[in-house]
Amino acid sequence: MSLYRTKALLDLLMPRVCLVCGRTLAVEENHLCGACRGDLPLTYYWEREHNLMADKFNSVIEKFRADDEYMPYSYAAALLFYHAENPYKRIPQAIKYLYNRRAGKDFGTMLGEKLSSAAHFADVDLVIPVPLHWTRLWKRGYNQAGVIAESAARAMGAKYAPDVLLRRRKTGSQVSRAAGERLSNAVSAFCPNPRKRPDGCRHILVVDDTFTTGATLAGCYLAIRDAFTGREMPRISVATLSVVEAV
Ligand SMILES: [Zn+2]
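Position 50 of the sequence shown, counted from 1, bears residue number 68 in the numbering used here, the numbering being contiguous throughout.
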């Protein structure tokens with residue numbers, strides 16, 4: 019039986035619906051109906067070295083790089099805008115909370131393709147996901163940032179390295195914390211894995227599902243820098259599936 023016919027049969031038995039509007043999908047559609055796919059709230063941040071997300075991220079890590087001689091502007095981009103009142107938020111939510119691994123892979127691939135199309139991301143050779151604390155990973159069996167990062171790495175022709183960073187502890191909900199506390203909390207949450215030192219790379223990309231304050235990614239950024247103490251420092255950039263609008 020052809021793949022198309024198998025999918026058609028499966029769709030009859032178990033209809034697939036659009037993640038955004040809930041409409042039943044046609045056989046050739048995946049995750050989104052044609053209308054929702056045509057209307058994706060793409061950021062186009064990958065086309066600009068300087069954008070709102072990158073400026074925000076650089077202002078967060080700025081506090082920690084005063085004593086660093088090599089600390090270039092960090093590139094940052096997200097695939098989609100995230101807005102609490104916009105139904106497109108259901109894409110990252112489905113990947114994170116409903117464990118929709120296939121959507122994570124496909125949108126991760128899309129993210130990787132967009133980044134590859136930009137000259138300043140084209141030389142990324144190592145992709146690192148924001149790690150979950152091992153107890154949470156054990157409970158969930160799934161790290162959404164890892165699913166997105168692995169597919170993005172493949173689309174970019176870069177190496178995927180899920181175990182370069184360790185999460186020392188769970189940071190819990192960050193929402194109610196003051197900004198300064200949130201940052202120091204996130205920064206101390208990550209450390210380099212002494213048994214998995216990244217070597218010989220020029221441009222590292224750290225990937226998460228959603229960019230809100232930038233504190234989590236800043237924590238990863240600083241932990242990666244620690245891994246390179248005394249060695250030649252690669253450029254470190256960040257990318258996410260979605261970015262909370264008006265960052
Ligand atoms: Zn739709």
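The C-beta atom is built at its ideal place from N, Cα and C for all residues, glycine as well. These numbers come from a predicted model, not from an experiment.
### Task
Report yes or no: do three or more beta-carbon pairs, one from the region 136 to 155 and one from the region 177 to 185, lie closer than 8 angstroms?
yes
### Message
Quick check on V265: does DSSP put it in helix, strand or coil?
### Response
Mapped onto the sequence shown, residue 265 falls at position 247. Reliability fails at V265, whose pLDDT of 48 lies under 50, so the model's placement of it is uncertain and the value that follows must be treated cautiously. Looking at V265 - three-state DSSP - the assignment turns out to be coil, as it is neither helix nor strand.
### Query
Can C238 be considered in contact with ligand 1, in the sense that its beta carbon sits closer than 6 angstroms to one or more heavy atoms?
In the sequence shown, counting from the first residue as 1, residue 238 sits at position 220. Incorrect: C238 has no Cβ contact closer than 6 angstroms to ligand 1.
### Task
Check P210 in the structure and name its three-state DSSP category.
For the purposes of this step, residue 210 is identified with residue 192 of the sequence shown, where counting begins at 1. Of the three classes helix, strand and coil, the one that applies to P210 here is strand, per DSSP.
### Query
When you compare each of D227, C238, A257 to K107 by their alpha carbons, which one comes out closest?
As a working note, residue 107 is residue 89 in the sequence shown. Nearest of D227, C238, A257 to K107, Cα basis: D227.
### Query
Can you name, in chain order, every residue of its own chain whose Cβ lies under 6 angstroms from the Cβ of Y178, other than the five neighbours on each side?
Taking the first residue of the sequence shown as 1, we reach residue 178 at position 160. If we look at Y178 and ignore the five residues flanking it on each side, its Cβ neighbours are V145, E168, A171.
### Task
Report yes if the C-beta distance between R220 and A245 is below 7 angstroms; otherwise report no.
Residue 220 sits at position 202 when you count from the first residue of the sequence shown. Residue 245 sits at position 227 when you count from the first residue of the sequence shown. Going by C-beta atoms, R220 is not nearer than 7 angstroms to A245.
### Task
Please state whether DSSP places A44 in a helix, a strand or coil.
By 1-based counting over the sequence shown, the position of residue 44 is 26. Coil.
### Query
Considering only C-alpha positions, which residue in the set V165, K74, N69, Y22 is nearest to L235?
Here residue 235 refers to the residue found at position 217 when the sequence shown is read from its first residue. L235 has its Cα closest to that of K74, out of V165, K74, N69, Y22.
#### Entry: Supposed contact pair V35 and C54 - C-beta distance, whole angstroms, cut 8 angstroms
Residue 54 sits at position 36 when you count from the first residue of the sequence shown. Residue 35 sits at position 17 when you count from the first residue of the sequence shown. Wrong, their Cβ atoms sit about 11 angstroms apart, outside the cutoff.
### Message
Given a cut-off of 7 angstroms on the beta-carbon distance, is the pair S260 and L155 in contact?
### Response
Here residue 260 is taken as the residue at index 242 of the sequence shown, counted from 1. Here residue 155 is taken as the residue at index 137 of the sequence shown, counted from 1. Against a cut-off of 7 angstroms, the Cβ pair of L155 and S260 comes out as no contact.
#### Entry: Run of the alpha helix (DSSP H) containing T228, from where it starts to where it stops
The residue you call residue 228 lines up with position 210 of the sequence shown. No alpha helix (DSSP H) holds T228; the beta strand (DSSP E) holding it covers 221 to 229.
### Query
Beta carbon of R119, beta carbon of V78: below 7 angstroms?
Start at 1 with the first residue of the sequence shown, and residue 119 comes out as number 101. Start at 1 with the first residue of the sequence shown, and residue 78 comes out as number 60. Cβ distance not < 7 angstroms, so R119 and V78 don't count as in contact.
### Task
Quick one: residues in its chain with C-beta nearer than 6 angstroms to the C-beta of Y115, no 5 flanking neighbours on either side, listed in chain order?
For the purposes of this step, residue 115 is taken as the residue at position 97 of the sequence shown. Once the five neighbours on either side are set aside, Y115 has no close Cβ partner at all.
### Task
Quick one: measure Cβ to Cβ for L65 and A176, integer angstroms, because I've assumed they're closer than 8 angstroms.
What you label residue 65 is simply residue 47 of the sequence shown in a count that begins at 1. What you label residue 176 is simply residue 158 of the sequence shown in a count that begins at 1. According to the sequence as given, residue 65 is Glu; it is not Leu. The Cβ separation is near 19 angstroms, so there is no contact.
#### Entry: Terminal residues of the alpha helix (DSSP H) in which R119 lies
As a working note, residue 119 is residue 101 in the sequence shown. Counting along the chain, the alpha helix (DSSP H) containing R119 begins and ends at 119 to 134.
### Task
Measure how close the beta-carbons of V205 and M174 come, nearest whole angstrom, since I'm counting them as under 8 angstroms.
Reading the sequence shown from its first residue, position 187 is the one you call residue 205. Reading the sequence shown from its first residue, position 156 is the one you call residue 174. The pair is not a contact, with the Cβ atoms about 27 angstroms apart (cut-off 8 angstroms).
### Message
Can you look up S92 in the DSSP assignment and give me helix, strand or coil?
### Response
Position 74 of the sequence shown holds residue 92. Coil at S92, not helix or strand.
### Message
Which of the three DSSP states is assigned to Y106 in this structure?
### Response
Residue mapping note: residue 106 aligns to position 88 of the sequence shown, counting from 1. Note: Y106 maps to helix in three-state DSSP.
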